[in-house]
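Quick note: the sequence shown, position 356, residue 361 per our numbering, numbers continuous.
Where a beta carbon is used, it is the ideal one built from N, C-alpha and C, also for glycine.
Treat the numbers as computed from the prediction; the structure is a model and nothing was measured.
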Amino acid sequence: MKGGLVTPSKFLPSHSSFESIRKQAKKLVRLFATGNPDALARVHAHLPAPNLPLALRDAQLVLAREYGFAGWQDLRAAVLRQEGAGLEWAAAEAERAIHDNSVERLTQLVQDYPALLSWRGDSGESLLRFATGSFGDSGDPYRERMFTRLECAEFLLDAGAIANPAIWEDAIRARSMGVLQLLSRKGVLPRTLDVLTALGDENGVRECLAESAAAAVTHAFLTACGFQHNPVAALLLNRLIEFDPALGERVGRLRGRSRLIDYLAEHPVYESPWRTVVMNELIAAMRGNNMEEFNRWLQQEPNLLSESDAVGLIGIAAYNDWGPFIARLIELHPGLKVKRPPSPALLYALEYGNAHLLPLLTQIWPLPDDLPHAAGVGDFARVRGWFDEAGRPRLGSLSQHHPANNPGTLQNLHWMPPNAQHVLDVALAWACMNRQLEIAAFLVERGANVNTNWSTHEPASILHECAIRGNYEAAQFLIDRGIDMTIRDYRWNGTAEGWAIHAYAL
Numbered sequence: 006m007k008g009g010l011v012t013p014s015k016f017l018p019s020h021s022s023f024e025s026i027r028k029q030a031k032k033l034v035r036l037f038a039t040g041n042p043d044a045l046a047r048v049h050a051h052l053p054a055p056n057l058p059l060a061l062r063d064a065q066l067v068l069a070r071e072y073g074f075a076g077w078q079d080l081r082a083a084v085l086r087q088e089g090a091g092l093e094w095a096a097a098e099a100e101r102a103i104h105d106n107s108v109e110r111l112t113q114l115v116q117d118y119p120a121l122l123s124w125r126g127d128s129g130e131s132l133l134r135f136a137t138g139s140f141g142d143s144g145d146p147y148r149e150r151m152f153t154r155l156e157c158a159e160f161l162l163d164a165g166a167i168a169n170p171a172i173w174e175d176a177i178r179a180r181s182m183g184v185l186q187l188l189s190r191k192g193v194l195p196r197t198l199d200v201l202t203a204l205g206d207e208n209g210v211r212e213c214l215a216e217s218a219a220a221a222v223t224h225a226f227l228t229a230c231g232f233q234h235n236p237v238a239a240l241l242l243n244r245l246i247e248f249d250p251a252l253g254e255r256v257g258r259l260r261g262r263s264r265l266i267d268y269l270a271e272h273p274v275y276e277s278p279w280r281t282v283v284m285n286e287l288i289a290a291m292r293g294n295n296m297e298e299f300n301r302w303l304q305q306e307p308n309l310l311s312e313s314d315a316v317g318l319i320g321i322a323a324y325n326d327w328g329p330f331i332a333r334l335i336e337l338h339p340g341l342k343v344k345r346p347p348s349p350a351l352l353y354a355l356e357y358g359n360a361h362l363l364p365l366l367t368q369i370w371p372l373p374d375d376l377p378h379a380a381g382v383g384d385f386a387r388v389r390g391w392f393d394e395a396g397r398p399r400l401g402s403l404s405q406h407h408p409a410n411n412p413g414t415l416q417n418l419h420w421m422p423p424n425a426q427h428v429l430d431v432a433l434a435w436a437c438m439n440r441q442l443e444i445a446a447f448l449v450e451r452g453a454n455v456n457t458n459w460s461t462h463e464p465a466s467i468l469h470e471c472a473i474r475g476n477y478e479a480a481q482f483l484i485d486r487g488i489d490m491t492i493r494d495y496r497w498n499g500t501a502e503g504w505a506i507h508a509y510a511l
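In structure tokens, the structure reads:
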């Protein structure tokens with residue numbers, strides 16, 4: 006069973022061409038439009054409620070499932086593999102080889118397709134950036150091994166891949182010391198203040214200080230703290246206090262400069278040292294449900310919390326279910342209701358099962374009118390409105406619906422290009438996460454896939470998310486409807502049961 010989703014109803018010929026497969030999908034669209042009984046049966050076998058008129062992408066999905074693949078991209082890759090051609094296919098295969106840390110497979114692909122070394126994706130991505138990039142913080146060796154692929158990166162560099170500034174900027178941001186050390190050994194790093202700081206080169210930093218402006222020194226200081234290069238951090242902090250004597254007075258509140266450095270080494274950083282302290286203390290107060298401490302910091306530093314900081318804190322509160330603090334931040338910043346700055350807060354609330362926060366959040370951001378949002382908030386009447394009398398989706402413009410209008414989600418889940426099935430599957434996911442199980446059942450009956458690889462970050466399954474968040478009612482709903490319990494997540498290669506065990510251990 007390819008792709009972990011469906012059993013094939015027919016088998017892919019050994020000498021298929023991608024062009025012939027594309028023509029099969031187009032033919033299915035034409036036959037379906039004429040009411041051909043065989044075409045109708047084929048489509049309804051895999052899409053019980055297809056959107057009309059049948060879109061080519063939905064016909065492609067049907068064809069892929071007939072051949073036993075999870076989706077069109079999987080079928081496309083298999084056919085191109087048979088053809089032994091196509092740089093885009095080779096890039097997709099190379100990314101998979103890098104993810105699997107298979108230098109042998111990557112070497113073979115580069116030998117067969119030398120252009121891979123200079124290949125750029127639609128968003129400017131490269132194989133070297135894929136090997137060195139970190140989806141999350143890599144501040145310790147274990148996490149760096151999970152997020153980066155240093156052996157593959159070294160092979161690519163030796164083969165002639167060019168490292169551009171985005172590579173080391175990503176590594177500095179993610180605290181990927183192994184990546185930086187690799188780039189340093191290969192002689193591709195510039196001797197800038199940020200790079201020298203990240204490497205812990207105290208003499209190099211000292212040489213740069215005289216010509217570095219306050220903003221550059223500030224950024225370097227935070228970098229030094231993040232990498233726990235304390236002597237370098239002390240050197241930079243002394244210079245910062247020369248620029249801003251008021252910072253020295255504030256440092257006294259934390260009982261000295263070394264205490265500030267230790268504090269910043271242990272917490273996420275913001276634009277400046279003291280803003281980092283304030284923001285982290287506010288987050289700690291929210292985590293501890295300590296409104297008194299939260300207000301104390303706000304009153305003590307009223308000029309440091311900008312509207313953008315407030316929006317960031319609201320987003321954090323949305324996925325952690327800290328409603329009273331959202332209300333307090335809105336009270337302090339009523340202008341947000343007028344300005345409505347961009348924020349993922351609504352998305353966080355629905356993805357993490359906190360739809361009950363929507364009455365607070367919609368004071369600032371109106372609820373989008375689409376199927377997933379209606380499902381997540383439990384608006385059954387609106388959910389029904391997205392289907393016709395026969396139970397077929399009538400979504401209108403796909404771009405009206407999440408995730409088709411959210412490039413970040415599509416990229417994280419590897420859902421390119423988006424299709425109607427993705428919309429149905431996210432609607433199912435949000436209904437499950439927010440315990441709207443009648444709506445979830447309605448969606449499954451109309452073609453939503455319980456085995457979708459949706460997750461809040463990288464591909465996994467709805468059951469993975471329910472398991473780690475203790476959403477047992479929705480987990481049972483999915484199990485009762487036959488979800489594949491062997492699905493493994495993209496990053497950690499764990500099943501939903503493994504995620505549940507991990508959550509219990511926490």
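So what does residue i bridge to, in DSSP terms?
i	result
Pro2	The structure shown has nothing for residue 2, since the chain only spans 6 to 511.
Around the C-beta of residue i, are 16 or more other C-beta atoms found within 10 angstroms, so that it is buried, or is it exposed?
i	result
Met490	exposed
Arg70	buried
Leu351	buried
Phe160	buried
Tyr72	buried
Phe447	buried
Arg81	buried
Tyr324	buried
Val11	Because the pLDDT of Val11 is 47, which lies under 50, any placement of that residue in the model is unreliable, and the number read from its coordinates should be weighed accordingly. Flag for Val11 reads buried.
Asn454	buried
Phe248	exposed
Met6	The pLDDT assigned to Met6 is 34, lower than 50, so where the model puts this residue is not dependable, and the model offers no usable value.
Pro329	exposed
Arg47	buried
With distances taken from CA atoms, which of the options is nearest residue i?
i	options	result
Ala30	Gly40, Leu59, Ala54	Leu59
Pro307	Leu334, Leu204, Ala432	Leu334
His224	Ile266, Leu204, Leu194, Pro278	Pro278
Arg399	Glu24, Pro55, Arg35	Pro55
Phe226	Ser217, His338, Ala218, Thr202	Thr202
Asp384	Leu187, Ala239, Glu443	Glu443
Leu194	Ala219, Glu207, Arg110, Ile167	Ile167
Leu318	Ala360, Glu356, Asn456, Tyr275	Tyr275
Gly563	Ala360, Leu132, Leu429, Arg258	Nothing about residue 563 can be reported from this structure: the residues present for the chain run from 6 to 511 only.
His406	Ile103, Leu240, Pro377	Pro377
Asp374	Trp391, Thr137, Leu241	Trp391
Val449	Phe482, Pro423, Ser460	Phe482
Ser131	Trp327, Pro170, Tyr357, Leu468	Pro170
Asn476	Val108, Val382, Arg440	Arg440
Arg101	Leu85, Phe135, Pro53	Phe135
Arg301	Gly503, Leu287, Val184	Leu287
Ser139	Gln116, Ser107, Ile172, Ala239	Ile172
Glu207	Asn235, Leu245, Glu216, Gly231	Asn235
Trp514	Leu198, Cys471, Glu356	Residue 514 cannot be examined here, being either before or after the span of the chain that is shown, 6 to 511.
Cys437	Asn294, Pro346, Ala219, Asn359	Asn359
Can you tell me which of the three DSSP states residue i falls into?
i	result
Lys31	helix
Glu254	helix
Glu514	Outside the displayed range of the chain (6 to 511) lies residue 514, so it cannot be described from this structure.
Trp435	helix
Gln441	coil
Phe537	Lying outside 6 to 511, the shown extent of the chain, residue 537 is not represented and no answer is given.
Lys7	Unreliable positioning characterises Lys7 in this predicted model, as indicated by a pLDDT of 37, which lies under 50. The coordinate reading is nonetheless provided below. Helix, per DSSP.
Ile288	helix
Ser123	helix
Glu109	helix
Gln233	coil
Ala508	helix
Val5	This structure cannot settle anything about residue 5, because the visible part of the chain is limited to 6 through 511.
Arg493	coil
Leu57	coil
Glu216	coil
Glu207	helix
Glu502	helix
Glu98	helix
Does residue i have its Cβ less than 8 Å from a Cβ in chain C?
i	result
Met438	Included in the structure is just one protein chain, with no chain C present.
Residue ranges of each beta strand (DSSP E) within the region 445-486, 3 or longer: none
4 or more residues per run - each alpha helix (DSSP H) lying fully within the region 295-379: 296-305, 312-325, 328-337, 341-344, 350-356, 363-366
Within the region 132-177, ranges of the beta strand (DSSP E) (whole runs, at least 3 residues): none
Entirely enclosed alpha helix (DSSP H) segments - the region 397-428, minimum 4 residues: 412-418
Ranges of the beta strand (DSSP E) found wholly within the region 70-95, counting only runs of at least 3: none
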